[in-house]
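Residue numbering for the sequence shown follows numbering that gives the first Met the number 0, starting at 0 and increasing by one per position.
For each residue, glycine too, the CB sits at the ideal point set by N, CA and C.
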Amino acid sequence: MAEGGEREELLSPPPVSPAKRLCSWPSPRAHHPRGSPGVASGGVGGVGGSSLTPGARPHLQPESLLDCAAKTVAEKWAYERVEERFERIPEPVQRRIVYWSFPRNEREICMYSSFQYRGGPSAGAAGSAAGASPAEEGPPPLPGAAAPAGSAPGAAAAGASPGQGAAAGAAGEGLPFRRGIRLLDSGSVENVLQVGFHLSGTVTEPATTSEPAMTYKVAISFDRCKITSVTCGCGNKDIFYCAHVVALSLYRIRKPDQVKLRLPISETLFQMNRDQLQKFIQYLITAHHTEVLPTAQKLADEILSSNSEINQVNGAPDPTAGASIDDENCWHLDEEQVKEQVKLFLSQGGYYGSGKQLNSMFAKVREMLRMRDSNGARMLTLITEQFMADPRLTLWRQQGTSMTDKCRQLWDELGALWVCIILNPHCKLEEKSSWLQQLQKWSDLDVCPLEDGNYGHELPNITNALPQSTNHSPEHVPTACARVDALRSHGYPKEALRLTVAIINTLRLQQQRQLEIYKHQKKELLHRGTTTITNLEGWVGHPLDPIGCLFLTLTEACRLNDDSYLEVSDMNESRPVYQHVPVAAGCPNSSESYLSLALEVALMGMGQQRVMPEGLYAQDKVCRNEEQLLSQLQELQLDDELVQTLQKQCILLLEGGPFSGLGEVIHRESVPMHTFAKYLFSALLPHDPDLSYKLALRAMRLPVLENSTSAGDTSHPHHMVSVVPSRYPRWFTLGHLESQQCELASTMLTAAKGDTVRLRTILEAIQKHIHSSSLIFKLAQDAFKIATPTDSSTDSTLLNVALELGLQVMRMTLSTLNWRRREMVRWLVTCATEVGVRALVSILQSWYTLFTPTEATSIVAATAVSHTTLLRLSLDYPQREELASCARTLALQCAMKDPQSCALSALTLCEKDHIAFEAAYQIAIDAAAGGMTHSQLFTIARYMELRGYPLRAFKLASLAMSHLNLAYNQDTHPAINDVLWACALSHSLGKNELAALIPLVVKSVHCATVLSDILRRCTVTAPGLAGIPGRRSSGKLMSTDKAPLRQLLDATINAYINTTHSRLTHISPRHYGEFIEFLSKARETFLLPQDGHLQFAQFIDNLKQIYKGKKKLMLLVRERFG
0 MAEGGEREEL
10 LSPPPVSPAK
20 RLCSWPSPRA
30 HHPRGSPGVA
40 SGGVGGVGGS
50 SLTPGARPHL
60 QPESLLDCAA
70 KTVAEKWAYE
80 RVEERFERIP
90 EPVQRRIVYW
100 SFPRNEREIC
110 MYSSFQYRGG
120 PSAGAAGSAA
130 GASPAEEGPP
140 PLPGAAAPAG
150 SAPGAAAAGA
160 SPGQGAAAGA
170 AGEGLPFRRG
180 IRLLDSGSVE
190 NVLQVGFHLS
200 GTVTEPATTS
210 EPAMTYKVAI
220 SFDRCKITSV
230 TCGCGNKDIF
240 YCAHVVALSL
250 YRIRKPDQVK
260 LRLPISETLF
270 QMNRDQLQKF
280 IQYLITAHHT
290 EVLPTAQKLA
300 DEILSSNSEI
310 NQVNGAPDPT
320 AGASIDDENC
330 WHLDEEQVKE
340 QVKLFLSQGG
350 YYGSGKQLNS
360 MFAKVREMLR
370 MRDSNGARML
380 TLITEQFMAD
390 PRLTLWRQQG
400 TSMTDKCRQL
410 WDELGALWVC
420 IILNPHCKLE
430 EKSSWLQQLQ
440 KWSDLDVCPL
450 EDGNYGHELP
460 NITNALPQST
470 NHSPEHVPTA
480 CARVDALRSH
490 GYPKEALRLT
500 VAIINTLRLQ
510 QQRQLEIYKH
520 QKKELLHRGT
530 TTITNLEGWV
540 GHPLDPIGCL
550 FLTLTEACRL
560 NDDSYLEVSD
570 MNESRPVYQH
580 VPVAAGCPNS
590 SESYLSLALE
600 VALMGMGQQR
610 VMPEGLYAQD
620 KVCRNEEQLL
630 SQLQELQLDD
640 ELVQTLQKQC
650 ILLLEGGPFS
660 GLGEVIHRES
670 VPMHTFAKYL
680 FSALLPHDPD
690 LSYKLALRAM
700 RLPVLENSTS
710 AGDTSHPHHM
720 VSVVPSRYPR
730 WFTLGHLESQ
740 QCELASTMLT
750 AAKGDTVRLR
760 TILEAIQKHI
770 HSSSLIFKLA
780 QDAFKIATPT
790 DSSTDSTLLN
800 VALELGLQVM
810 RMTLSTLNWR
820 RREMVRWLVT
830 CATEVGVRAL
840 VSILQSWYTL
850 FTPTEATSIV
860 AATAVSHTTL
870 LRLSLDYPQR
880 EELASCARTL
890 ALQCAMKDPQ
900 SCALSALTLC
910 EKDHIAFEAA
920 YQIAIDAAAG
930 GMTHSQLFTI
940 ARYMELRGYP
950 LRAFKLASLA
960 MSHLNLAYNQ
970 DTHPAINDVL
980 WACALSHSLG
990 KNELAALIPL
1000 VVKSVHCATV
1010 LSDILRRCTV
1020 TAPGLAGIPG
1030 RRSSGKLMST
1040 DKAPLRQLLD
1050 ATINAYINTT
1060 HSRLTHISPR
1070 HYGEFIEFLS
1080 KARETFLLPQ
1090 DGHLQFAQFI
1100 DNLKQIYKGK
1110 KKLMLLVRER
1120 FG
């Protein structure tokens, strides 16, 4: 049995603390008859088993006046104030106050026992009742849920019988709150006793396969419906309560009639006489003598000493007597654990899920604010202190580097939460002043990071996001939206809605004024074709997220499926369901719904023309914020009312001029609307196709890559940056923006399939506005896939668009390097083949504007006349001939332009036409004397031999040999095989051809082993065995003593001599064996002439004389050769 935690409590008396205030002996004002009924044996129910017991009263019976008063007092007043206020408090009244002082709302227990708690829109909201407790809000109780009389209906609903209320299904089974419910339902909570403002009991963890059953002692102190301290024997080290504390708390909330209730222990002791007190103390010491005896003796000594400190204080501490008047009334929060957890998560740098954990802590702060729990600001202060103490801040500052994106996002959320706290409508002026001072103190630290982004002016810290003036001009829109967020975050949803509607009405008026301004300037702006920046401060990507705040506030008022308040963020969340909720009466358009307003304000915000902010993070934030808003918009099911709102706002955006990102004239550095327009296009298409295409085509532009900055535009000096070869370096997200532009175009192409007019318009927009060849190629591929589905017929309209886009890609990449160029060329030929023979003929005839000569011959023409293509097109003979003729013409043109690369391909393509083939051969011969390499010539020569033209092959091989130079040590050169092949060819043709080639070989090849190999091959068989018509072979082997082999023999011997001296110059002992083998091969060549042995002997003697210093080597030479 684990009973940890109690021993430590009993060993030494804790110091007097607010939780254990001093209780003086009562004066005669409190005459409690000793042994009154219920004092020692009564249950929670109260006075002598009266009908006040909650569990015994019918559900619909109204509360007694005593209970109504006790509930209010228990929630609002410290018990010490009650004692001071009244001379005598009847015992039944004391009992009811003590009874009602325990928390009544399971939502709050859940909030302090789980990170994953996510409150619904109205969680903790007090409605319009001023000063109403969150405990008195909530849905009606679920069937079968036990709740104390008069307690919050939501309290029972929160943790009803298994599977009800507290959580849906098996979600979050491992969370302390859910585990606590399971322990409670399994009957693991026992020995529950409430003494005054102190609740105790035991909770047993059932045995598992690896662990025995464990029983833990749990103690809870509470005051004014808040748990102020917890102790559990399990030794839980976490920010929030363990499952055992949860189980005991829920037991007290759900089963109050089963809890033994006693008044504070000081009241009970007062009723004892001296004998009873002595007996009580002695029995207590006896029961725990091993633990408390030293402490008891110490206390006795101090009491008996008249000068002791304990005798200088009136009264004695009572841990069960409730809080003092001066005590802060707040829920128990382990500050040290908060600090440790934040420090740990920050040290992990966003890895191992730490970023997610920190976001969960931020969510917990928001939840506390919504429940109007003072720990929200307290917890945020602790988190901020740890953020400021993050050692990486100093490191980044020293290195001059910016913080990571993950860390920057966490700081953004931290700043947003502080804005919420500062704008709390019920925050007292002195409290707000203290928060601002603290924020300024943090801001003054060197390590405090700056805002990354330009929103009209640099924001050095989060305090500058709030206006400092107190004039009555229209409020800064993001700040007004921050007030909405503050109202919503602090549990004032109705007020937040009212302010949201007021902001939207203001934005509507502003939109109307902007339209009027534009009407007067339209002609001039259209003539100029440019405009100044109308909105220096963009709302999408703003640190205060104004549009997201308004949208969330409005949609939360319309959600249907938000009954469960225990949700697990890791689970797959179902799509929210919304309903139209009419805007509150008194508004100008009371027929509107909050849902249509949500859609309208989102469209207004994202359609705002705004300049791209500076810095990678700020630009990335704009993209992320836009995508987040669009994902929320996609959750809306568009009905007739929302479609009307969508159409109306889209028309206004198109007519908005320089104030709209979709207006006719926009600034060069205006944030592109591609992602936004893609959503609008898809949403509008089923309802208003003309409007959807007009809007999407308008959004296709990307002015930063199209227009040049006007010399007269000085409205934003730092934007005067020219477009350098690296395009526009300040736009760090340009690649992402271009890909979104491509996505918009692809969406339109898909939708316009089969509509020739729309496809032509879209094609023109793509050719005008998209500047990346890779993206146009992607569009071409997408169009091709959609036009050629595997399960249905081909769509020729879209296929022609794909071909047009492919041709544009070819033209764009013809003179630039692109690693995908070969893939692009092959794809284009495939696309043209799919279109038909006319398309193939067209690209063959205009090849010079689309392809390089090599691409045109080796890929385009070769594929066009391949057997596979001919079968695919099912061509008749005239069509085949036309295609082949075009391919031959192309081949000859390419060979003339680039003979080095195209001569062989041209010969191949012209094989079946004698005249064309001769022309191609002549081009190759003419180019041989120029820039063709020996490798290219040998390749063409081998081809000619293969085609049955050995004499032409010999001619080309001779030309190739004249281009070759093989050094003495290049015995592994790739051209060796070509040399051997050329010699074999000449030998097979006859003695004359061999005699013509050998001088070229001797001149070009200086490698002894290669020459000896040629010499050996020439002496094995007789020359002239190729069977050339008109020639006869003599059948005699050639002698090395006569021409032409004598010249080759002499060259070989000289090469061996020269190579030997070269190798000996830098030879090392490990190469001695290899050198001896080389000399052995040399001897074979030396011995071919009659006097060869004499020459070799003379050669060896010379080596011995010249290299006599290499004694070991010469010894090896002597051993082998004498």
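- Tell me whether the beta-carbon of F1085 lies closer than 7 Å to the beta-carbon of Q1094. Here the question's residue 1085 lines up with position 1086 in the sequence shown. Here the question's residue 1094 lines up with position 1095 in the sequence shown. Against a cut-off of 7 Å, the Cβ pair of Q1094 and F1085 comes out as a contact.
- Message: For the structure I just gave you, are there three or more beta carbon pairs, one from the region 65-72 and one from the region 297-316, closer than 8 Å?
- Response: Cβ pair count under 8 Å is below three, so no.
- Task: Tell me, please, which residues DSSP counts as bridged to I226.
- Result: Here residue 226 refers to the residue found at position 227 when the sequence shown is read from its first residue. I226 is bridged by DSSP to F221.
- To which residues of the same chain is H735 closer than 7 Å at the C-beta, ignoring the five residues directly before and after it? Locating residue 735 in the sequence shown gives position 736, counting from the first residue. So the qualifying residues of the chain are C622.
- Message: Going by C-alpha to C-alpha distance, which of S841, C982, V341 and H866 sits closest to T888?
- Response: As a first step, residue 888 is located in the sequence shown; it is residue number 889 there, counting from the start. Here the closest residue by C-alpha is S841.
- Message: Contact defined as beta carbons within less than 8 Å: I believe A695 pairs with F680. What is the distance between those atoms, to the nearest angstrom?
- Response: Position 696 of the sequence shown, counting from 1, holds the residue named residue 695. Position 681 of the sequence shown, counting from 1, holds the residue named residue 680. In this structure A695 is in contact with F680, their Cβ atoms being roughly 4 Å apart against a cut-off of 8 Å.
- Does DSSP put S353 in a helix, a strand or coil? Position 354 of the sequence shown, counted from the start, is the residue given in the question as residue 353. S353 falls in the helix class under three-state DSSP.
- Item | Residue from S1003, K990, L774 and H1005 whose Cα sits closest to the Cα of P1022 | Working through the sequence shown from its first residue, we reach residue 1022 at position 1023. If we check each option's Cα against that of P1022, K990 comes out closest.
- Buried versus exposed call for F85 [16 or more other C-beta atoms within 10 Å across all chains shown]: The count along the sequence shown starts at 1 and reaches residue 85 at position 86. By the neighbour-count definition (other C-beta atoms within 10 Å, threshold 16), F85 is an exposed residue.
- Can you tell me which of the three DSSP states T1059 falls into? Locating residue 1059 in the sequence shown gives position 1060, counting from the first residue. Looking at T1059 - three-state DSSP - the assignment turns out to be helix.
- Message: Can you tell me which residues form a DSSP beta bridge with R261?
- Response: Within the sequence shown, numbered from 1, the residue matching residue 261 stands at position 262. BP columns for R261 point to V194.
- Query: Just checking, does the region 654-674 make contact with the region 633-645 on the three C-beta pairs under 8 Å criterion?
  - Reply: These segments do not touch.
- Whose CA, out of M370, D274 and Q643, lies closest to the CA of M110? Numbered from 1 along the sequence shown, position 111 holds the residue referred to as residue 110. With respect to the C-alpha of M110, the residue from M370, D274 and Q643 having the closest C-alpha is M370.
- Message: In chain order, what are the residue ranges of uninterrupted alpha helix (DSSP H) at least 4 long that sit wholly in the region 670-710?
- Response: Every unbroken stretch of the alpha helix (DSSP H) spanning 4 or more residues and falling wholly within the region 670-710 is given here in chain order: 673-683 and 688-698.
- Query: With which residues is N830 paired in a DSSP beta bridge?
  - Reply: Residue mapping note: residue 830 aligns to position 831 of the sequence shown, counting from 1. One detail in the question is off: residue 830 reads as Cys in this sequence, not Asn. Per DSSP, none; premise fails for C830.
- Message: Assuming contact is defined by CB atoms lying nearer than 7 Å, are V580 and C548 in contact in what I supplied?
- Response: Along the sequence shown, one-based indexing puts residue 580 at 581. Along the sequence shown, one-based indexing puts residue 548 at 549. Contact: no.
- Tell me which same chain residues have a C-beta within less than 6 Å of the C-beta of L379, skipping the five on either side of it? Counting from 1 along the sequence shown, the entry for residue 379 is found at position 380. Around L379: V364 and L416.
- How about S771 and E737: are their beta carbons less than 7 Å apart? On the sequence shown, position 772 is the one that residue 771 refers to. On the sequence shown, position 738 is the one that residue 737 refers to. Going by beta carbons, S771 and E737 fall inside the 7 Å limit.
- Message: DSSP three-state label for M931, please.
- Response: For the purposes of this step, residue 931 is taken as residue 932 along the sequence shown, with counting starting at 1. Note: M931 maps to coil in three-state DSSP.
- Exposure of V836, with buried meaning 16 or more beta-carbon neighbours within 10 Å: The sequence position of residue 836 within the sequence shown is 837, counting from 1. It is buried - the Cβ of V836 has at least 16 other Cβ atoms within 10 Å.
- Message: Can you find the residues in the same chain that come closer than 8 Å, C-beta to C-beta, to I922, ignoring five residues on each side of it along the sequence?
- Response: Counted from its first residue, the sequence shown places residue 922 at position 923. So the list reads L891, A894, M895, P898, A902 and A905, once near-sequence residues are dropped.
- Message: According to DSSP, Q607 sits in a beta bridge with which residue or residues?
- Response: Taking the sequence shown and counting its residues from 1, one reaches residue 607 at position 608. Beta-bridge pairing links Q607 to S659.
- Give every residue of the same chain whose Cβ lies closer than 6 Å to the Cβ of F1126, excluding the five residues on either side of it in the sequence, and list them in chain order. Nothing can be reported for residue 1126: it is not among the residues displayed for the chain, which extend from 0 to 1121.
- Does DSSP put R371 in a helix, a strand or coil? Stepping through the sequence shown from its first residue, residue 371 is reached at position 372. Residue state, collapsed to three classes: coil.
- Query: DSSP on E881, reduced to helix/strand/coil?
  - Reply: One-based indexing of the sequence shown puts residue 881 at position 882. Reduced to three states, the DSSP call for E881 is helix.
- Message: Please report the distance separating the alpha-carbon of L1115 from that of K1109.
- Response: Sequence index remark: in the sequence shown, residue 1115 carries index 1116 (1-based). Sequence index remark: in the sequence shown, residue 1109 carries index 1110 (1-based). So the alpha carbons of these two residues sit roughly 10 Å apart.
- Query: Looking at C-alpha atoms only, which residue of F953, Q766, V859 and L936 is the closest neighbour of L908?
  - Reply: Residue numbering aside, residue 908 sits at position 909 when the sequence shown is read from its first letter. Checked all of F953, Q766, V859 and L936; the closest Cα to L908 is V859.
- Short Cβ contact (7 Å threshold) for S265 with A320: Stepping through the sequence shown from its first residue, residue 265 is reached at position 266. Stepping through the sequence shown from its first residue, residue 320 is reached at position 321. Yes, the Cβ-Cβ distance between S265 and A320 is below 7 Å.
- Query: Does the distance from the CB of T201 to the CB of T214 come in under 7 Å?
  - Reply: Translated into the one-based positions of the sequence shown, residue 201 becomes position 202. Translated into the one-based positions of the sequence shown, residue 214 becomes position 215. Yes, Cβ-Cβ distance for T201 and T214 is below 7 Å.
- When you compare only the Cα positions, how much space is there between M402 and E803? Translated into the one-based positions of the sequence shown, residue 402 becomes position 403. Translated into the one-based positions of the sequence shown, residue 803 becomes position 804. So the alpha carbons of these two residues sit roughly 46 Å apart.
- For L965: DSSP bridge partner residues: Looking up residue 965 in the sequence shown gives position 966. V1004.
- Please name the residue or residues paired with K216 in a DSSP beta bridge. Taking the sequence shown and counting its residues from 1, one reaches residue 216 at position 217. Secondary-structure assignment with DSSP links K216 through a beta bridge to T201.
- Message: Could you give the first and the last residue of the continuous alpha helix (DSSP H) run that contains F176?
- Response: Start at 1 with the first residue of the sequence shown, and residue 176 comes out as number 177. Note, F176: alpha helix (DSSP H), P175 to D184.
- Message: Here's the rule I'm using: 16 or more other beta-carbon atoms within 10 Å means buried, otherwise exposed. How should H1070 be labelled?
- Response: The residue given as residue 1070 occupies position 1071 in the sequence shown. Sixteen is the threshold: since fewer than 16 other Cβ atoms of the shown chains lie within 10 Å of the Cβ of H1070, the residue is exposed.
- Task: Please confirm if the region 332-339 is in contact with the region 290-305, defined as three or more CB-CB distances below 8 Å between the two stretches.
- Result: No: the two stretches stay apart, fewer than three of their Cβ pairs being nearer than 8 Å.
- Item | 7 Å Cβ shell around E591 - same chain, five flanking residues per side excluded | For the purposes of this step, residue 591 is taken as the residue at position 592 of the sequence shown. If we look at E591 and ignore the five residues flanking it on each side, its Cβ neighbours are V582.
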